[in-house]
Each structure stands twice: as structure tokens, then as C-alpha cells.
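Peer 1:
2 protein chains.
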Amino acid sequence: MKATSEILALLESRNKTGLKEYLADCMPEEIADLLNHLDEDSLLMVFKAIDRELAFASYELLDINFQIALLDLLPNKLVTLIINDMSPDKRTALFQELSNEMLNKHLKLLTINERSVALHLLGYPENSIGRLMTPDYIAVKADWTVTDVLNYIRKYGENSETLDVIYIIDERGKLVDDIKVREILLAEPNTHLKEIINGRYTFLSVLDDEEVAIHAFNKNNRAALPVIDKSGLLLGIVTMDDVLRLSKEEYTEDIQKLGGVEALEEPYMDVPIPTMIRKRGLVLVILFVGELLTATAMAHFEDEIARAVVLALFVPLIVSSGGNSGSQAASLIIRALALGEITIKDWFKVLRRELISGFGLGLLLSLIGFARVGIWNYFTHAYGPHWMGLAATVSFSLLGVVLWGVIMGSMLPIILKKIGADPATSSAPFVATLVDVTGLVIYFTFALFFLKGTIL
Amino acid sequence: MKATSEILALLESRNKTGLKEYLADCMPEEIADLLNHLDEDSLLMVFKAIDRELAFASYELLDINFQIALLDLLPNKLVTLIINDMSPDKRTALFQELSNEMLNKHLKLLTINERSVALHLLGYPENSIGRLMTPDYIAVKADWTVTDVLNYIRKYGENSETLDVIYIIDERGKLVDDIKVREILLAEPNTHLKEIINGRYTFLSVLDDEEVAIHAFNKNNRAALPVIDKSGLLLGIVTMDDVLRLSKEEYTEDIQKLGGVEALEEPYMDVPIPTMIRKRGLVLVILFVGELLTATAMAHFEDEIARAVVLALFVPLIVSSGGNSGSQAASLIIRALALGEITIKDWFKVLRRELISGFGLGLLLSLIGFARVGIWNYFTHAYGPHWMGLAATVSFSLLGVVLWGVIMGSMLPIILKKIGADPATSSAPFVATLVDVTGLVIYFTFALFFLKGTIL
Numbered sequence: 008m009k010a011t012s013e014i015l016a017l018l019e020s021r022n023k024t025g026l027k028e029y030l031a032d033c034m035p036e037e038i039a040d041l042l043n044h045l046d047e048d049s050l051l052m053v054f055k056a057i058d059r060e061l062a063f064a065s066y067e068l069l070d071i072n073f074q075i076a077l078l079d080l081l082p083n084k085l086v087t088l089i090i091n092d093m094s095p096d097k098r099t100a101l102f103q104e105l106s107n108e109m110l111n112k113h114l115k116l117l118t119i120n121e122r123s124v125a126l127h128l129l130g131y132p133e134n135s136i137g138r139l140m141t142p143d144y145i146a147v148k149a150d151w152t153v154t155d156v157l158n159y160i161r162k163y164g165e166n167s168e169t170l171d172v173i174y175i176i177d178e179r180g181k182l183v184d185d186i187k188v189r190e191i192l193l194a195e196p197n198t199h200l201k202e203i204i205n206g207r208y209t210f211l212s213v214l215d216d217e218e219v220a221i222h223a224f225n226k227n228n229r230a231a232l233p234v235i236d237k238s239g240l241l242l243g244i245v246t247m248d249d250v251l252r253l254s255k256e257e258y259t260e261d262i263q264k265l266g267g268v269e270a271l272e273e274p275y276m277d278v279p280i281p282t283m284i285r286k287r288g289l290v291l292v293i294l295f296v297g298e299l300l301t302a303t304a305m306a307h308f309e310d311e312i313a314r315a316v317v318l319a320l321f322v323p324l325i326v327s328s329g330g331n332s333g334s335q336a337a338s339l340i341i342r343a344l345a346l347g348e349i350t351i352k353d354w355f356k357v358l359r360r361e362l363i364s365g366f367g368l369g370l371l372l373s374l375i376g377f378a379r380v381g382i383w384n385y386f387t388h389a390y391g392p393h394w395m396g397l398a399a400t401v402s403f404s405l406l407g408v409v410l411w412g413v414i415m416g417s418m419l420p421i422i423l424k425k426i427g428a429d430p431a432t433s434s435a436p437f438v439a440t441l442v443d444v445t446g447l448v449i450y451f452t453f454a455l456f457f458l459k460g461t462i463l
Numbered sequence: 008m009k010a011t012s013e014i015l016a017l018l019e020s021r022n023k024t025g026l027k028e029y030l031a032d033c034m035p036e037e038i039a040d041l042l043n044h045l046d047e048d049s050l051l052m053v054f055k056a057i058d059r060e061l062a063f064a065s066y067e068l069l070d071i072n073f074q075i076a077l078l079d080l081l082p083n084k085l086v087t088l089i090i091n092d093m094s095p096d097k098r099t100a101l102f103q104e105l106s107n108e109m110l111n112k113h114l115k116l117l118t119i120n121e122r123s124v125a126l127h128l129l130g131y132p133e134n135s136i137g138r139l140m141t142p143d144y145i146a147v148k149a150d151w152t153v154t155d156v157l158n159y160i161r162k163y164g165e166n167s168e169t170l171d172v173i174y175i176i177d178e179r180g181k182l183v184d185d186i187k188v189r190e191i192l193l194a195e196p197n198t199h200l201k202e203i204i205n206g207r208y209t210f211l212s213v214l215d216d217e218e219v220a221i222h223a224f225n226k227n228n229r230a231a232l233p234v235i236d237k238s239g240l241l242l243g244i245v246t247m248d249d250v251l252r253l254s255k256e257e258y259t260e261d262i263q264k265l266g267g268v269e270a271l272e273e274p275y276m277d278v279p280i281p282t283m284i285r286k287r288g289l290v291l292v293i294l295f296v297g298e299l300l301t302a303t304a305m306a307h308f309e310d311e312i313a314r315a316v317v318l319a320l321f322v323p324l325i326v327s328s329g330g331n332s333g334s335q336a337a338s339l340i341i342r343a344l345a346l347g348e349i350t351i352k353d354w355f356k357v358l359r360r361e362l363i364s365g366f367g368l369g370l371l372l373s374l375i376g377f378a379r380v381g382i383w384n385y386f387t388h389a390y391g392p393h394w395m396g397l398a399a400t401v402s403f404s405l406l407g408v409v410l411w412g413v414i415m416g417s418m419l420p421i422i423l424k425k426i427g428a429d430p431a432t433s434s435a436p437f438v439a440t441l442v443d444v445t446g447l448v449i450y451f452t453f454a455l456f457f458l459k460g461t462i463l
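Protein sequence lines correspond, in order, to chains A and B.
If you read the first sequence in our numbering, its first letter stands for residue 8, the second for the next number, and so on.
If you read the second sequence in our numbering, its first letter stands for residue 8, the second for the next number, and so on.
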């Protein structure tokens with residue numbers, strides 16, 4: 008929206024005629040974009056200033072939270088028109104987010120026809136492909152000619168969710184093929200469809216998880232994919248836009264999980280603070296309880312620390328290096344798993360790669376660590392005559408924790424996937440916490456080895 | 008690909024006839040998916056077993072790394088056919104990844120016509136929309152009838168990258184509108200286009216960054232968007248599939264950056280180990296050098312640790328809690344910025360939200376921390392008569408570092424965005440490292456306050 012300031016001025020001055028004129032030239036996408044950024048008062052003013060068709064189209068494009076808010080804000084009559092006009096897939100996406108009470112109230116506003124469609128779609132399991140589906144598509148027979156199809160589309164295509172793909176079914180309604188409208192446009196008018204179809208098509212199964220749809224669209228460059236039941240009957244189609252919305256949501260959840268937050272499910276600014284604290288608090292407390300073990304581990308080495316306080320100085324350095332290398336490995340593996348670049352079966356290949364990389368990285372850090380202790384001691388004599396033992400302790404521990412970090416960081420996502428959990432749960436903070444306790448044990452073990460009899 | 012084992016068996020047994028029969032029934036997407044998982048030998052066998060058209064279509068769908076590898080593997084004659092047949096946008100995506108030598112060699116294989124198209128597109132700046140563009144589209148005039156358009160498409164549409172959207176230009180080639188083919192299919196045959204177009208369209212500017220295209224497609228549910236120059240001339244179109252590929256790549260980079268890795272730019276398994284070490288080592292070393300400051304900070308409090316070794320036990324707990332709360336805040340803010348839910352201008356609102364949430368979260372951890380010290384001491388008397396002072400130190404420090412963590416985690420991405428850097432660079436490991444040193448200072452300051460005169 009280039010002229011946001013202009014529109015804000017019109018809203019500010021409550022200039023209804025100006026608003027009407029301005030908005031008449033906008034595309035539904037622009038209106039939706041504008042609405043997503045307005046307060047309730049202005050939302051209403053915009054909705055009253057645009058014509059019905061534009062209102063319908065923009066409403067469908069709004070974030071679902073805004074759609075829900077508008078159900079309460081808009082006059083009942085307009086809500087009735089909107090939800091009856093909505094495409095069935097968008098309506099399912101909205102309705103499944105409503106409370107039972109709200110859902111019942113709005114189902115009653117639908118015509119008998121629309122209500123039966125809505126109830127049918129809501130009848131599919133949550134997160135199933137059925138919930139993404141719309142029954143509004145064009146299906147034709149293989150013995151029709153191109154002219155037949157074009158005439159049919161002209162007559163009945165208005166309500167079809169997409170006209171980019173046409174479906175071919177047999178007499179019993181079973182899916183025979185899908186065909187891009189492109190092929191129909193390029194064919195001679197008297198060609199029969201059976202001459203141009205090839206019987207190759209990708210389909211979705213109505214009860215499969217919605218993630219299957221995301222993968223199928225990733226692989227197939229199609230505006231829509233057909234949905235069939237076990238017997239091959241064509242039940243509906245899933246369109247690209249809904250799948251894009253879904254994969255954007257999944258992406259957001261992944262990033263939040265990687266940061267160690269439960270998925271927020273609402274825009275950042277809209278999440279009430281108590282919910283925000285709950286969603287972050289649970290993970291933070293789990294991590295904290297895990298991290299309490301570091302205090303226990305440290306207590307185990309209290310005598311050593313008392314004898315050689317200098318050992319304590321390097322504790323944060325050692326544990327954080329393990330955590331960092333673990334985070335790196337985890338984020339690489341989580342993404343590679345999601346992209347299908349690696350599978351669970353590749354665990355050993357991954358482990359081998361990570362051990363080699365980890366050895367290189369650990370060596371790098373251990374050299375810098377050794378240099379840090381040596382050079383510092385050269386100038387300040389801070390570590391006394393036994394500085395070499397300390398330097399060795401730090402170096403070997405760094406190598407050890409980095410190796411341990413990459414092992415945990417790379418194997419944890421694979422193990423989570425293996426047991427059916429979401430690999431993204433093995434977030435940077437989780438891996439770091441897991442590595443911390445072990446890092447301490449590695450460090451003090453090397454200390455005992457290198458410094459026993461000198462400063463220990 | 009359901010029958011991967013079947014195809015692998017055919018490849019294994021070098022059964023060419025079986026392979027040919029099997030592959031003839033596959034869709035290009037299935038072939039591409041299969042090719043992406045084969046070794047060089049099998050790649051060649053598959054390419055030889057499929058017909059030309061299928062080979063062309065599958066090649067376009069391959070990962071670019073595989074496309075490059077195949078340029079060397081396939082016979083020169085087939086390469087010539089493939090790159091001449093490739094759609095210009097896909098070809099640019101491939102050619103811009105070639106070395107100069109490879110590029111020159113393959114440009115020479117193009118016909119004069121295709122070469123001039125390829126060179127023209129490669130002439131646009133890297134990462135500009137021009138590089139995503141294809142000149143293969145259907146453009147018509149506003150005074151044409153629907154029948155004119157359908158006839159024109161049938162005659163000249165074969166090479167158009169998409170037939171889902173048609174472009175309307177004036178006599179000088181300036182873009183007047185775009186129209187979904189849907190509208191044309193639904194209109195009566197003798198309707199003139201000017202009766203159904205509305206003059207509302209979204210366009211891309213040829214020199215804009217490709218990120219603009221990603222945003223435009225996110226907002227507009229279109230199969231393609233037109234690209235114009237400064238004077239409004241229609242130069243080409245950008246199609247959805249290329250933008251999807253791009254946003255998938257960006258997503259991968261984001262996740263890798265969040266984990267503290269430079270973007271790999273190649274599938275995990277294909278990255279040579281030395282490159283892997285370099286991409287991870289640089290960040291790891293930067294973090295390590297930052298973390299070295301913790302040793303310096305700790306050295307500053309060496310006397311305090313010597314007097315009260317018990318203080319050292321809680322160091323990992325304190326610093327990691329700051330890091331974890333910082334990671335959470337950073338991942339939420341990075342994603343909210345990317346989605347446009349918040350902008351730089353909202354920094355104060357974000358800060359206020361984070362301070363309130365951070366206070367709640369910090370309080371939670373400080374209560375658990377207090378309980379840990381108290382209960383442990385009740386049973387073991389490990390912390391002696393002054394356990395209350397220690398418990399207070401731990402509690403207040405936890406509140407302090409969590410608050411500091413959320414401030415850094417939330418403000419750093421916003422600051423990075425403000426100075427034009429990528430917010431995702433403020434990864435979990437970076438935030439954790441930044442928070443660690445301050446966390447130590449906070450901890451020992453509270454220790455001096457609560458324990459001076461007792462155990463300190």
C-alpha cells in the first residue's frame with residue numbers, strides 16, 4: 008500500500024466520500040493488507056466504504072484472527088452475507104478456530120446448502136487434508152470436446168475455486184486425470200479430451216495429514232491438487248494458496264521452536280502477556296531444571312575449584328563452546344531433514360560427517376584456547392609455573408565438548424524424528440542445556456588428568 | 008515416488024526395456040524427484056530411458072546443483088537441446104551459478120535467438136527481479152474480444168510460461184492491466200476485454216531486489232506478476248514457482264543463521280567437509296573470542312570465588328538462563344519482523360512487552376532458584392548458615408539476567424534491521440554470548456551486595 012498516509016488521513020478526518028473514492032480503486036489484496044494494520048474503529052469504516060464484492064474478497068484474504076474479530080464487529084447482516092459467500096476451504100479454516108458457541112451461532116447463519124457443505128468439511132479430522140478441501144471445482148468427462156469444456160466452464164465455472172486445472176472423472180465420479188487449462192486452451196476446439204489426457208496425475212488422500220499436501224505441492228508445480236477417497240472418488244480439491252498459508256505457519260512455528268518457544272499461533276503483538284509468559288515459561292523452566300544439574304555437577308568438583316580457583320574462570324567458556332557447536336549442528340540437521348536432503352537412515356553418514364567437522368572445529372578452538380592461556384600467562388604470569396597444564400586442560404576440554412556438542416546436536420533431531428516427534432524441538436537452548444552438564448564433567452576430568460599433583 | 012525400490016531394482020539389473028516402460032508412465036515431477044536421489048551412473052541411465060519431452064521437463068525441475076552436474080555428464084547434443092528448450096527464467100537461474108568458462112561454453116550452444124534472450128536476462132543485476140524474469144507471456148490489446156484472445160492463445164500460447172494470467176498492453180507496449188484467464192473463460196465470446204478489465208494490477212519493477220517479488224507474491228494470490236521498466240513498458244513476467252524456490256532457499260538460510268552457521272548454499276550432504284568447517288568455524292571462532300571475555304570477567308572476581316567457592320557452582324546456571332531467555336526473545340522478534348507483524352518503529356512497544364514478560368519469566372526462575380538453594384540446604388546444610396544470602400544472590404541474579412536476556416534478544420534484531428543487516432544474524436548463540444559476560448557481572452555484583460561481611 009503506497010498511500011497509507013493518505014488513507015490514514017482520510018480515516019482520521021472521517022471523510023467518507025473521499026474514503027469511498029480512494030478504496031474503489033484498490034485491489035482486494037491492498038484492502039486486506041490495509042485492514043490487517045487498522046484498529047477496530049477504522050476497520051468498520053473501511054468495510055462500510057467498500058462495495059460488497061470487494062468486502063467479500065478482502066475478508067477472505069485477512070489473517071484469521073482478524074476474520075474472527077470482524078465476526079463480532081460487523082453487523083450481523085453483513086456477516087451472514089460474507090460467510091455464505093466465502094469459499095468452503097477458507098470457511099473451514101475460519102470455523103475450526105471458533106469456540107463451540109461462536110461456531111454454532113455462525114453455522115445457523117448459513118443457508119441449508121452451505122451449512123451442509125461446512126459441516127461435511129468440518130467432519131474430517133483436524134489437520135487432515137479434508138479440512139483444506141473445497142468441493143468447488145470443474146469436473147468433466149473424457150469424451151467431451153474442448154468446445155464442450157469451454158462452454159461448460161463459461162456456464163458453471165463462476166464458483167469454481169480455480170479454473171487453472173480441470174478434472175476428468177468417469178461415470179461413477181472416479182478421478183481419471185487432471186489437466187491444466189493450458190492444454191485445453193492450446194488444443195483445437197473439436198479435440199476430444201481423451202486425445203490430450205495422459206493419465207498421469209498426482210492426488211491427495213482425504214484422510215492424510217495436511218503435511219502430505221505441503222510436500223505434494225512442493226514437488227508439483229500445480230495451482231491445485233485433487234483429493235480422493237479410498238475408492239478413488241473425487242471429493243474435492245486443495246488449492247495452492249491454502250497450502251502456502253499453512254507452510255508459512257509451519258515455518259513460523261519451526262523458528263519459534265528453534266528459539267525454544269512453544270508455537271505462539273498468533274501474531275507477536277496480539278499474544279496476551281500471560282499467554283506469552285506461559286508459552287515461554289514452560290520451556291524456560293524445563294531448561295532451567297535441566298541446567299540445575301550443572302550446579303550439582305559443579306558441587307561434585309567443589310574441592311578441585313577450592314584448590315585451583317583458576318579452573319572456575321574457564322567454565323563459561325567451555326560450556327558455551329559445546330552449546331554453540333551443538334546449536335550449529337542441530338540447525339543444519341533439522342533443516343536437512345525437513346528438506347528431505349537426509350533421512351533417518353542416513354544417521355551414520357551424518358555422524359561420520361559431524362565427527363570429522365567437529366574434530367576440525369574443536370581443534371581450531373583448542374588452539375585458540377591454548378594460545379589465550381599461554382599468551383596471557385606470558386604477559387601477566389596469572390597462571391603461574393603450571394600454566395601449561397591449565398592450557399592443556401582448556402584445549403583438550405574444548406576439543407571434547409565441541410565433539411560432544413556436534414554429536415548431540417546432530418543425533419538428537421534424528422532421534423526425535425525416529426520416535427515420531429518434531430525434530431525442531433531439539434532447539435539451540437535444549438541442545439546447549441544437554442551439552443552443558445557433560446561439558447563440565449569433561450572439563451574437570453581433563454583438569455584432574457593434567458593438573459593432579461601440581462595445582463590440584 | 009511410491010515404487011522407488013522397483014526402479015532401483017531395474018537400475019541395478021540394468022534392465023533398459025523395463026526401465027523405459029516404467030518411466031514412460033511417470034510425471035516429470037516424479038522423474039525429477041527420482042533423479043535428485045541417484046548417483047551419476049543411474050542418472051545417465053534414466054535420462055537415456057525417457058523420451059525427449061519428459062527429459063526436458065524433468066531437467067527444469069531438478070535442483071540446480073544437479074542441473075550443473077548433468078551439463079558435464081550428458082552428451083553434448085542432448086545438453087544443447089535441453090538448454091535451448093529451457094524456459095528463459097529457469098535458464099538464468101542455472102547460468103548465473105556457472106563458472107565463467109562453463110557459462111561461455113554453454114552460451115555458444117544456444118541458437119542466436121535464445122542466446123540474445125539469455126544474455127539480456129543475465130544483464131540485469133544479481134538478485135534483481137530481472138534475473139527472475141521470463142519474456143514468454145501472452146500480451147493482448149484491450150479492444151480484442153474474448154474469441155480473439157482464445158484464438159491468439161491457441162496459436163501462440165505454446166511457449167508462454169503461464170496461461171493463467173494474460174497481459175493487456177497499449178500500442179506502445181505499456182502495461183495496461185493483467186487479467187486472470189479465468190475471467191476470459193467466464194466471459195461471453197464476443198465481449199471486448201476493455202469491458203472486463205478493471206485497471207487494478209500489481210507489478211514488479213525490473214531493477215528491484217528479488218525480495219520485493221517474494222513479498223508481492225505473498226500478498227497477491229497470482230500465478231505470475233508482470234515486470235515493467237521505469238516507463239511502464241512490459242518487459243516480462245515472474246512466475247510463482249521461481250519465487251517459491253527462492254523463498255525456500257531464504258528460509259533455509261534463516262534457519263542456518265539462527266543456529267549460528269553461515270548459509271551453506273548447498274544440500275547438507277553435498278557440502279565438502281573443508282567448506283563445512285569454514286562456514287561453521289568462522290562463526291564459532293567469533294563466538295569463542297567473545298566468550299573469552301567471560302574468562303576475563305571471571306578473573307576479575309577470582310578473589311570472591313576463592314573466598315566463597317560455592318559461588319562458582321551457580322555460574323553455568325545463571326549465564327545459561329540469560330542465554331535461553333535471550334534466544335527465545337530473538338527468535339520471536341526475528342520472525343515477527345520477517346512477517347511484518349512489527350516494524351522498527353515498534354521498538355518501544357516491543358521493549359515494553361518484553362520487559363513485562365521478562366519480569367514474569369525472571370520471577371518464575373528466581374523462585375525456583377531460591378527454592379533449590381533453600382531445600383538443598385535444608386537437607387544437606389551444604390551452604391551453611393548464610394544460605395539465605397546465597398539464595399537471594401541466585402534469585403536476584405536470575406531475575407536480572409533474564410531481563411537482560413530479553414532486552415538484548417528483542418532489541419538486537421531490531422537494531423540489525425535498522426542498520427540494514429539481516430535480523431536473523433542475531434542468532435541464539437550470538438545473543439547467548441552477548442548476555443554471558445553481563446550475566447557474570449550481574450551475578451557477582453549481587454553476591455557482593457548480599458554476602459559481603461558474611462561469606463565474602
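Just so it is clear, CB atoms sit at the ideal spot from N, CA and C, and this is done for glycine as well.
CA-CA distance, V380 of chain A and A398 of chain A?
Peer 2: 6 Å
Peer 1: Taking G243 of chain B as part of the alpha helix (DSSP H), name the residues at either end of that continuous run.
Peer 2: Taken as a continuous stretch (DSSP letters only), G243 of chain B belongs to no alpha helix (DSSP H), being part of the beta strand (DSSP E) at L241 to T246.
Peer 1: Of all the CB atoms in chain A, is at least one closer than 8 Å to the CB of Y159 of chain B?
Peer 2: Cβ-Cβ to chain A under 8 Å: no for Y159 of chain B.
Peer 1: Please name the residue or residues paired with L344 of chain B in a DSSP beta bridge.
Peer 2: Paired residue(s): none; L344 of chain B is not in a bridge.
Peer 1: DSSP beta-bridge partners for K199 of chain A?
Peer 2: The question names Lys, but residue 199 of chain A is His in the sequence shown. DSSP output for H199 of chain A lists A:T152 as bridge partner(s).
Peer 1: Hey, F224 of chain A and L182 of chain A: beta-carbon distance below 8 Å or not?
Peer 2: no
Peer 1: So N227 of chain A contacts chain B; which residues on that side make the cut at Cβ distance below 8 Å?
Peer 2: The contacting residues are M34 and E36.
Peer 1: So F377 of chain A and S402 of chain A are supposed to be a Cβ contact under 8 Å. How far apart are they, rounded?
Peer 2: Their Cβ separation, rounded to whole angstroms, is 4 Å, which keeps F377 of chain A and S402 of chain A in contact under 8 Å.
Peer 1: K9 of chain A CB to nearest chain B CB: under 8 Å?
Peer 2: Unreliable positioning characterises K9 of chain A in this predicted model, as indicated by a pLDDT of 47, which lies under 50. A coordinate reading is not provided.
Peer 1: Assess, as a yes-or-no matter, whether the segment 67-77 of chain A is touched by the segment 239-246 of chain B under the definition of 3 or more beta carbon pairs within less than 8 Å.
Peer 2: no
Peer 1: Quick one: which chain A residues come within Cβ less than 7 Å of M140 of chain B?
Peer 2: Ordered by position in chain A, no residue passes the 7 Å Cβ test against M140 of chain B, which lies about 17 Å from the chain.
Peer 1: Can you find a CB in chain A that lies within less than 8 Å of the CB of Q464 of chain B?
Peer 2: Lying before the first or after the last residue shown, residue 464 of chain B is absent from chain B, which here runs from 8 to 463.
Peer 1: Counting C-beta neighbours from all protein chains within 10 Å, is the total for D79 of chain B 16 or more, i.e. buried, or is it exposed?
Peer 2: exposed
Peer 1: May I have a chain-ordered list of the beta strand (DSSP E) segments no shorter than 3 residues that lie completely inside the segment 205-292 of chain A?
Peer 2: Correct list: 231-235 and 241-246.
Peer 1: Whose C-beta lies closer than 8 Å to the C-beta of A62 of chain A among residues of the same chain, with five residues either side of it excluded?
Peer 2: F54, L85 and I89
Peer 1: For V1 of chain B, would you say it is in contact with chain A, using Cβ-to-Cβ distances shorter than 8 Å as the test?
Peer 2: Shown here, chain B extends from 8 to 463; a query on residue 1 of chain B therefore has no answer.
Peer 1: Return the residue from the list B:L423, B:H393, B:P436 and B:L374 that minimises the CA-CA distance to G407 of chain B.
Peer 2: When each option's Cα is compared against that of G407 of chain B, the closest is B:L374.
Peer 1: Measure the alpha-carbon distance for G329 of chain B versus V296 of chain A and round it to whole angstroms.
Peer 2: 14 Å
Peer 1: Quick check on R207 of chain A - is its C-beta less than 8 Å from some C-beta in chain B?
Peer 2: yes
Peer 1: Taking the straight line between their C-alpha atoms, what separation do you get for H307 of chain B and L463 of chain B?
Peer 2: Computed Cα separation, rounded: 15 Å.
Peer 1: Is the segment 255-266 of chain A in contact with the segment 417-437 of chain A, if contact means three or more CB pairs nearer than 8 Å?
Peer 2: Contact between the segment 255-266 of chain A and the segment 417-437 of chain A is present, because at least three Cβ pairs lie under 8 Å.
Peer 1: Grouping DSSP H, G and I as helix and E and B as strand, with all else coil, what is L81 of chain A?
Peer 2: coil
Peer 1: Looking at E361 of chain B: is its Cβ nearer than 8 Å to the Cβ of V413 of chain B?
Peer 2: The criterion of a C-beta distance shorter than 8 Å is satisfied by E361 of chain B and V413 of chain B.
Peer 1: Assign R138 of chain A to one of two classes, buried (16 or more other C-beta atoms within 10 Å of its C-beta) or exposed (fewer than that).
Peer 2: buried
Peer 1: In the DSSP output, what is K187 of chain B paired with across the bridge?
Peer 2: B:V172
Peer 1: What whole-angstrom Cβ distance do D171 of chain A and M140 of chain A have, given they're in contact under 8 Å?
Peer 2: Not really, about 17 Å apart at Cβ, beyond 8 Å.
Peer 1: So R59 of chain A contacts chain B; which residues on that side make the cut at Cβ distance below 8 Å?
Peer 2: The premise fails here: R59 of chain A is roughly 15 Å from chain B at the closest Cβ pair, so nothing lies under 8 Å.
Peer 1: Is the segment 128-136 of chain B in contact with the segment 213-221 of chain B, if contact means three or more CB pairs nearer than 8 Å?
Peer 2: yes
Peer 1: Where do the N-terminal and C-terminal ends of the alpha helix (DSSP H) with N111 of chain B fall, by residue?
Peer 2: N107 to K115
Peer 1: Would you call the segment 304-319 of chain A and the segment 308-316 of chain B in contact, with 3 or more CB pairs under 8 Å?
Peer 2: yes
Peer 1: Looking at the secondary structure, which residues open and close the alpha helix (DSSP H) in which L405 of chain B lies?
Peer 2: From DSSP, the alpha helix (DSSP H) with L405 of chain B extends over W394 to K425.
Peer 1: Go ahead and label Y174 of chain B buried or exposed: buried means 16 or more other beta carbons lie within 10 angstroms of its beta carbon, across all protein chains shown.
Peer 2: buried
Peer 1: Start and end of the alpha helix (DSSP H) containing H127 of chain B?
Peer 2: Per DSSP, H127 of chain B belongs to the alpha helix (DSSP H) from I119 to L129.
Peer 1: Taking the straight line between their C-alpha atoms, what separation do you get for A100 of chain B and E260 of chain A?
Peer 2: 30 Å
Peer 1: Beta carbon of L447 of chain B, beta carbon of A302 of chain A: below 8 Å?
Peer 2: no
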